[in-house]
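In the working numbering, the protein residues as written are 7 to 228. Where a beta carbon is used, it is the ideal one built from N, C-alpha and C, also for glycine. Report on the following structure.
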């Protein structure tokens, strides 16, 4: 049964062990039918009011957290194609995950619409640490826009990106569920003709420059 389509600060993320063996199309369908789904709709800066429709559906296996982001927008951009470049300038989505609520360490992964990823480890009071490209390469990514970069296009676009983040990349091992983690999700596109900064749960300021763990929601890996 699909979780009701509304926002809450608690996500009950179901464990679906067979996800690892599915094709991308079947995985997306299963996340839509059986995963938890939410909207990314809070505008973080009133100077940039544009709000493209953005949702995410989420579940996990014993090895991965799977997230399917869906976006409908008027401008589409994918200039960055190298890992750990400024993908947030493009049509992009992001996940901030705090694997251990008792530890201030936060992982942030940003994906543009062709699957280019940037990843950083954030700790309050410390410089951001880039995650090695070889490690980020373990994240599964299937983007409906393909993988070739392109300059900005204008029109009416619908796109999605399916990502599978290895649990051990987050320091999560074993299969002792339920387990609580925390986080937030974002939509951004800072260099498009309609720049915007949106979040699942409200934050102050513009992603990717704002780390506010007190605004993270609880995610229960069932």
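Query                                                                                                                                                                  : Result
Pick from 82, 66, 19, 65: whose alpha carbon is nearest that of residue 199?                                                                                           : 82
Check whether the Cβ atoms of residue 56 and residue 170 lie closer than 8 Å to each other.                                                                            : no
For residue 94, does the count of other Cβ atoms within 10 angstroms reach 16, so buried, or fall short, so exposed?                                                   : buried
Please specify which runs of the beta strand (DSSP E), each continuous and at least 3 residues long, are wholly inside the segment 99-134, giving them in chain order. : 112-118, 123-128
Below 8 Å on the Cβ atoms is my guess for residue 191 versus residue 145; work out the distance and round it to an integer in Å.                                       : Not really, about 15 Å apart at Cβ, beyond 8 Å.
Any C-beta of chain D sitting closer than 8 Å to the C-beta of residue 172?                                                                                            : In the structure shown, chain D does not exist; there is a single protein chain.
When the Cα of residue 163 is compared with those of 60, 100, 222, 206, which residue comes out closest?                                                               : 60
Which residue's Cα is closest to the Cα of residue 159: 38, 96, 227?                                                                                                   : 96
Using a Cβ-Cβ cut-off of 6 Å (strictly less than) and excluding sequence neighbours within five positions of residue 110, which residues of its own chain qualify?     : 129, 130
Going by beta-carbon coordinates alone, are residue 74 and residue 62 separated by less than 8 Å?                                                                      : yes
So, at 7 Å on beta carbons, what are the nonlocal neighbours of residue 177 in its own chain, with the 5 sequence-adjacent residues on each side left out?             : 105
What does a CB cutoff of less than 8 Å around residue 67 pick up in its chain, not counting 5 residues either side in sequence?                                        : 21, 22, 23, 24, 25, 26
Cα separation between residue 85 and residue 122?                                                                                                                      : 10 Å
From what residue to what residue does the alpha helix (DSSP H) around residue 40 run?                                                                                 : 30-40
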